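Position 37 (the sequence shown) corresponds to 1343 in this note's numbering; numbering is contiguous.
Yeah, the Cβ is synthetic: ideal placement off N, Cα and C, and Gly gets one too.
Predicted model, so just to flag it, every value in this text is computed and none were measured.
Have a look at the structure below, then the notes.
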Amino acid sequence: MKMITAIIRNSKIDALNVALNEIGVHGMTTTYVNGYGKQKGATEVYRGAEMEIKFNPKIRVDIAVTDDKTDQTVGVIVDTAKTGNVGDGKIFITEISKVVRVRTGETNEQVL
């Protein structure tokens, strides 16, 4: 099992949700986050004064999938979230050693 963590643009979350449902991925956790990568921040004008915004708003999406669903899920995230511009985000894939559904005590693939 894998945990896929994607940091994407806020504007892409609804389309990603639809695309993931189409391939049978029905669960995700989202968190609003702020950060920066190579693009750093941006400069904006507020009431006539230039202000440097050091952190960019993004959405973190965490999705637990079976090993055989990993590549397809990552492909859908890339296809859906990509604009071709700096700031499209990153995807991190980590191993999950165990999952437990609290309500029933079921474990691992049964839970996903």
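State the start and end residues of the unbroken alpha helix (DSSP H) segment that holds N1323.
-> Within the sequence shown, the letter at position 17 stands for residue 1323. First-last of the alpha helix (DSSP H) with N1323: I1319 to E1328.
Give me the Cα-Cα distance between T1376 and K1308, rounded to the nearest whole angstrom.
-> Residue numbering aside, residue 1376 sits at position 70 when the sequence shown is read from its first letter. Residue numbering aside, residue 1308 sits at position 2 when the sequence shown is read from its first letter. Roughly 7 Å between the two C-alpha positions.
Beta-carbon separation of I1365 and I1319 under 7 Å?
-> One-based indexing of the sequence shown puts residue 1365 at position 59. One-based indexing of the sequence shown puts residue 1319 at position 13. Yes, they are a contact pair.
Between which two residues does the beta strand (DSSP E) carrying G1381 extend?
-> One-based indexing of the sequence shown puts residue 1381 at position 75. No beta strand (DSSP E) contains G1381, which is instead part of the alpha helix (DSSP H) from T1376 to A1387.
How many Å lie between E1358 and T1311 at the Cα?
-> Here residue 1358 refers to the residue found at position 52 of the sequence shown. Here residue 1311 refers to the residue found at position 5 of the sequence shown. Each residue's Cα considered, the two are about 28 Å apart.
Assumed close pair V1345, G1393 - CB separation to whole angstroms, cut-off 8 Å = As a first step, residue 1345 is located in the sequence shown; it is residue number 39 there, counting from the start. As a first step, residue 1393 is located in the sequence shown; it is residue number 87 there, counting from the start. Inspection of the sequence shows that residue 1345 is occupied by Gln rather than by Val. Indeed they touch by this definition, with Cβ atoms about 5 Å apart.
Cβ pair V1382, I1329 closer than 7 Å | The count along the sequence shown starts at 1 and reaches residue 1382 at position 76. The count along the sequence shown starts at 1 and reaches residue 1329 at position 23. Yes. Within cutoff.
For E1412, which three-state DSSP category applies?
-> As a position in the sequence shown, residue 1412 is number 106, starting the count at 1. Reduced to three states, the DSSP call for E1412 is coil.
Are M1334 and V1380 touching if we call contact CB-CB under 7 Å?
-> Here residue 1334 corresponds to residue number 28 of the sequence shown, with the count starting at 1. Here residue 1380 corresponds to residue number 74 of the sequence shown, with the count starting at 1. Not in contact: M1334 and V1380 (Cβ atoms no closer than 7 Å).
By the 10 Å Cβ neighbour count, where 16 or more other Cβ atoms means buried, how is A1321 classified, buried or exposed?
-> One-based indexing of the sequence shown puts residue 1321 at position 15. A1321 counts as exposed, since fewer than 16 other beta carbons sit within 10 angstroms of its beta carbon.
Identify, in the order they occur along the chain, each residue of the same chain with its Cβ nearer than 6 Å to the Cβ of A1325, setting aside the five sequence neighbours on each side.
-> Locating residue 1325 in the sequence shown gives position 19, counting from the first residue. Same-chain partners within the cutoff: V1382 and T1386.
Among all the DSSP beta bridges, which residues are the ones paired with K1396?
-> Along the sequence shown, one-based indexing puts residue 1396 at 90. Its beta-bridge partners are I1313.
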